[in-house]
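Trainee: Under UniProt numbering, the first residue of the sequence shown carries the number 1, and numbering increases by one thereafter.
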Amino acid sequence: MGGLLATDSEDLPAERNAKPWARVGTTHFTNWTKTASILWNFDPNINYSFFREPRLQPWCLGNRHFTVEILETNNGLYGTNLEVTQRRQRSSNSTQHKVHLPLTLHTAPPPFKDLRASGLKPLQVVGSRGDLAVLQVVRPGEFMQFLVVNLRTGDYVGRHVEPLRGDPYLCEVILSPDCKKFILKPNSIFLSDFMGETADTVPCEMKLVSIEDGQCVVDRVFMEEGCVHYVVSFDPRYGHSRAAVGNYDGGKTVCIFDLQQNELAAESDPRQPAQTSRNLVFSPNGQYLASLVFTASYQAGLHSFPKVNIYETEHLFLLQRISCAKMFCVALIPAVLFPLFSECGTRLAVAYGRNIDIMGSVFGQELAFVEIYRVPVKHSLQSLCRVAVRRAVSRENVLQLPIPRRIKDYLLYRPRYQ
Numbered sequence: 001m002g003g004l005l006a007t008d009s010e011d012l013p014a015e016r017n018a019k020p021w022a023r024v025g026t027t028h029f030t031n032w033t034k035t036a037s038i039l040w041n042f043d044p045n046i047n048y049s050f051f052r053e054p055r056l057q058p059w060c061l062g063n064r065h066f067t068v069e070i071l072e073t074n075n076g077l078y079g080t081n082l083e084v085t086q087r088r089q090r091s092s093n094s095t096q097h098k099v100h101l102p103l104t105l106h107t108a109p110p111p112f113k114d115l116r117a118s119g120l121k122p123l124q125v126v127g128s129r130g131d132l133a134v135l136q137v138v139r140p141g142e143f144m145q146f147l148v149v150n151l152r153t154g155d156y157v158g159r160h161v162e163p164l165r166g167d168p169y170l171c172e173v174i175l176s177p178d179c180k181k182f183i184l185k186p187n188s189i190f191l192s193d194f195m196g197e198t199a200d201t202v203p204c205e206m207k208l209v210s211i212e213d214g215q216c217v218v219d220r221v222f223m224e225e226g227c228v229h230y231v232v233s234f235d236p237r238y239g240h241s242r243a244a245v246g247n248y249d250g251g252k253t254v255c256i257f258d259l260q261q262n263e264l265a266a267e268s269d270p271r272q273p274a275q276t277s278r279n280l281v282f283s284p285n286g287q288y289l290a291s292l293v294f295t296a297s298y299q300a301g302l303h304s305f306p307k308v309n310i311y312e313t314e315h316l317f318l319l320q321r322i323s324c325a326k327m328f329c330v331a332l333i334p335a336v337l338f339p340l341f342s343e344c345g346t347r348l349a350v351a352y353g354r355n356i357d358i359m360g361s362v363f364g365q366e367l368a369f370v371e372i373y374r375v376p377v378k379h380s381l382q383s384l385c386r387v388a389v390r391r392a393v394s395r396e397n398v399l400q401l402p403i404p405r406r407i408k409d410y411l412l413y414r415p416r417y418q
C-alpha cells in the first residue's frame with residue numbers, strides 16, 4: 001500500500017472504479033497514526049495515542065489530552081495549571097505541543113483524598129472544542145461547577161453550577177460546532193462503574209446550556225428518559241440547533257433532535273437490529289451519519305464493536321453496515337475514535353482488531369488495521385471544485401490563499417454560521 005498512499009491529489013484507480021461503500025485501501029494502525037491518515041486526507045490533528053479518557057464520549061475532548069494541576073498561591077487563592085497536548089498539524093510523527101494556562105478558580109477544590117473512593121478527580125476537563133475547554137470542579141455535599149475556559153487567552157468565558165442531591169458524579173460536555181452552546185449530561189460508564197445504587201440520586205436529564213457574556217444559561221432540559229446512556233453529536237450544518245442522539249428509545253434507535261424547536265426531527269427504524277451506539281460521527285457536509293455499534297460480547301464479558309452503521313440524515317434510513325472484526329473496548333480505547341470521515345467526506349476509515357497469541361493461547365486483542373471505504377457523495381459543480389481543491393491543497397495552505405474569507409470558509413467545510 002506504500003506506493004498507493006503516496007498521493008491524495010486525485011482518486012486512486014481502485015476508488016474511481018469502486019462501488020459505493022466499497023473498500024479501497026488497508027493500512028496498519030501504526031502507519032495510520034504516523035502518515036497514512038494524512039495521505040488519505042483525514043484530519044491531521046487527531047492524536048490516537050493520547051486518548052486517555054475512555055469513560056467520556058469519544059469526541060468530548062476534541063482529540064486533545066489534558067493534564068490539570070491544582071496550585072495554591074501565596075495570597076491563599078487557588079488556581080490551576082492546565083496542560084494541553086495535541087498532535088501537531090500535518091505532522092508525520094507523534095510530536096506534541098503543550099500549552100500551560102494558569103487559571104484562578106472561583107472556589108478551592110477539595111483534596112483529592114475526599115474524592116478517591118468515588119473515582120472522581122477534584123478538577124478535570126470534560127469537554128473541549130476549538131478554543132474552548134470545560135472543566136468540572138466537584139465540591140462533595142455542595143455542588144459541581146463547570147468552568148468554560150478560552151484556551152488561547154486563559155480567560156473564563158462562562159460558569160455553570162449544578163446542585164448536588166447525593167454523591168458527586170462525572171458529567172460530559174458536548175460543545176456545539178459554533179461553540180455557543182453545549183449539552184451537559186451524566187456519564188453513563190461512571191454511573192455504572194462507581195455509583196451502584198446511589199446512581200438513583202443522579203438527575204436523569206440532558207441540559208442545553210448557552211455561553212453568554214461570561215455566564216452559562218440553561219436554555220432547556222430535554223430528553224430526560226434514558227438520557228444517561230445517550231451518545232450525542234451535533235450536525236455540522238446547523239451550528240447548535242440540531243444533534244444526533246444514539247441509544248434513543250431504550251437503545252433501539254438513532255434520532256435527530258431539533259434543539260431550537262425542541263422536537264424530534266427524524267428517527268431510525270426500530271425494527272433494524274443492533275443500533276446501540278458508542279460513537280456518532282457526521283460527514284463534513286452532514287449528508288451521512290456513521291454509528292459505531294456497541295454490544296456485549298460473550299468473551300470474558302467484554303464489550304465489542306462489531307459493526308458500523310451508515311445512515312442518511314434526512315430520514316435516518318440505514319444505508320450500509322460495515323463489519324469490524326475483533327474490536328473490543330477494554331484493550332482498544334482508540335477504537336472508539338472511529339469511524340472517521342475524510343476532510344472532503346469522500347472516504348470513511350474503520351478500525352479493525354486482531355487476536356494476540358501468547359504461549360499458544362489467545363491473550364486478548366489489539367488495534368491492528370484501518371480500512372478505507374469509498375463514500376458516495378452527491379456533488380454540485382461547486383462542491384466538486386471544492387473536493388478537487390482540498391485534495392491538492394492542505395488546510396493550512398488554504399488559509400494562506402489570497403482569496404476572500406467566505407471562499408476560504410467554504411473550502412474548509414466551515415458552516416455558514418461561523
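Cβ atoms here follow ideal geometry from the backbone N, Cα and C, with glycine treated the same way. None of the values given here were measured: they were computed from a predicted structure.
1) Relative to the C-alpha of proline 236, which residue among Thr27, Thr33, Leu412, His28 is closest?
2) What first and last residue would you give for the beta strand (DSSP E) that runs through glutamine 145?
3) Could you spell out the range, first to last residue, of the beta strand (DSSP E) harbouring glutamate 172?
4) For histidine 315, tell me which candidate among Gly196, Lys185, Ser342, Pro270 has the shortest Cα-Cα distance.
5) If distances are taken between C-alpha atoms only, which option among Tyr156, Gly158, Leu184 comes closest to tyrosine 169?
6) Give the secondary structure of lysine 307 by DSSP, where H, G and I count as helix, E and B as strand, and everything else as coil.
7) In angstroms, rounded to a whole number, what distance separates the CA positions of valine 209 and valine 138?
8) So, for glutamate 312: in the same chain, excluding its five sequence neighbours on each side, which residues have a beta-carbon less than 6 Å away from its beta-carbon?
9) CB leucine 175 to CB serine 233, shorter than 9 Å?
10) Mind checking whether serine 128 and leucine 147 have CB atoms under 9 Å apart?
11) Between which two residues does the beta strand (DSSP E) harbouring leucine 191 extend?
12) Residues in the same chain with beta-carbon distance under 7 Å from proline 186, minus the five sequence neighbours each way, listed in chain order, please.
13) By a C-beta neighbour count over all protein chains shown, 10 Å radius and 16 as the cutoff for buried, is cysteine 255 buried or exposed?
14) Please determine, among Cys204, Asn309, Phe282, Leu259, the residue with the shortest C-alpha to C-alpha distance to glutamine 272.
15) When we look at the beta-carbon of valine 336 and count the other beta-carbons within 10 Å, is it buried (16 or more) or exposed?
16) So, using beta-carbon positions, are alanine 18 and arginine 374 closer together than 9 Å?
17) What does a CB cutoff of less than 7 Å around leucine 191 pick up in its chain, not counting 5 residues either side in sequence?
18) Just to confirm, are leucine 367 and glycine 345 a CB contact at a threshold of 9 Å?
19) Kindly identify the DSSP beta-bridge partner or partners of cysteine 216.
20) Which residues share a DSSP beta bridge with lysine 181?
21) Give the range of the alpha helix (DSSP H) segment to which asparagine 247 is assigned.
22) If you follow the beta strand (DSSP E) that leucine 381 is part of, which residue opens it and which one closes it?
23) On the criterion of 16 or more Cβ atoms from any shown chain inside 10 Å, does glutamate 343 qualify as buried, or is it exposed?
24) Taking the straight line between their C-alpha atoms, what separation do you get for phenylalanine 143 and threonine 35?
25) Is it right to say proline 402 is buried, meaning 16 or more other beta carbons lie within 10 angstroms of its own, or is it exposed?
26) Could you tell me how far apart the beta carbons of phenylalanine 182 and valine 134 are, in whole angstroms, since I believe they sit closer than 8 Å?
27) DSSP has alanine 372 in a bridge; who is on the other side?
28) Could you tell me the distance, in whole angstroms, from the CA atom of aspartate 155 to the CA atom of cysteine 216?
29) Work out the CA separation of proline 339 and arginine 390 for me, nearest whole Å.
30) Could you check what DSSP says for cysteine 60 in three-state terms: helix, strand or coil?
Mentor: By the coordinates alone:
1) Check the Cα spacing between proline 236 and each of Thr27, Thr33, Leu412, His28: the tightest is with Leu412.
2) Its beta strand (DSSP E) spans residues 143-150.
3) Element bounds for glutamate 172: 171-175.
4) Looking at the Cα atoms, Pro270 is the closest of the given residues.
5) Distances from the CA of tyrosine 169 to each of Tyr156, Gly158, Leu184 were compared; the closest alpha carbon is that of Leu184.
6) In this structure, lysine 307 counts as strand in the three-state DSSP scheme.
7) Linking valine 209 to valine 138 through their CA atoms gives a straight-line distance of about 19 Å.
8) The answer, listed in chain order, is Leu319.
9) No, these two residues do not count as a Cβ contact at 9 Å.
10) When the beta-carbon positions are compared, serine 128 and leucine 147 stay at least 9 Å from each other.
11) Leucine 191 -> no beta strand (DSSP E), and no H or E assigned at all.
12) Scanning its chain for C-beta atoms nearer than 7 Å, with the 5 sequence neighbours on each side dropped, one finds around proline 186 the residues Tyr169, Cys171, Val202, Val228, in chain order.
13) Cysteine 255 comes out buried.
14) Taking only the C-alpha atoms, the option nearest glutamine 272 is Asn309.
15) With 16 or more neighbouring CB atoms inside 10 Å of its own CB, valine 336 falls in the buried class.
16) Taking 9 Å as the Cβ cut-off, alanine 18 and arginine 374 qualify as a contacting pair.
17) Correct list, in chain order: Tyr169, Ala199, Val202, Val228.
18) No; because the gap between Cβ atoms is not below 9 Å, this pair is not in contact.
19) Answer is Ile211, bridged to cysteine 216.
20) Beta-bridge analysis with DSSP links lysine 181 to Ser210.
21) No alpha helix (DSSP H) contains asparagine 247, which is instead part of the beta strand (DSSP E) from 242-247.
22) Counting along the chain, leucine 381 sits inside no beta strand (DSSP E); it lies in the alpha helix (DSSP H) bounded by residues 381-392.
23) For glutamate 343, the number of other beta carbons within 10 angstroms of its own is at least 16, and it is reported as buried.
24) Phenylalanine 143 and threonine 35: Cα-Cα distance of roughly 45 Å.
25) It counts as exposed.
26) Correct: roughly 7 Å between the Cβ atoms.
27) Position check: residue 372 holds isoleucine in this sequence, whereas alanine was assumed. Looking at the DSSP assignment, isoleucine 372 forms a beta bridge with Gly25, Ala349.
28) If you draw a straight line from the Cα of aspartate 155 to the Cα of cysteine 216, it is about 14 Å long.
29) Whole-angstrom Cα-Cα distance: 21 Å.
30) Under the three-state reduction of DSSP, cysteine 60 is assigned to coil, being neither helix nor strand.
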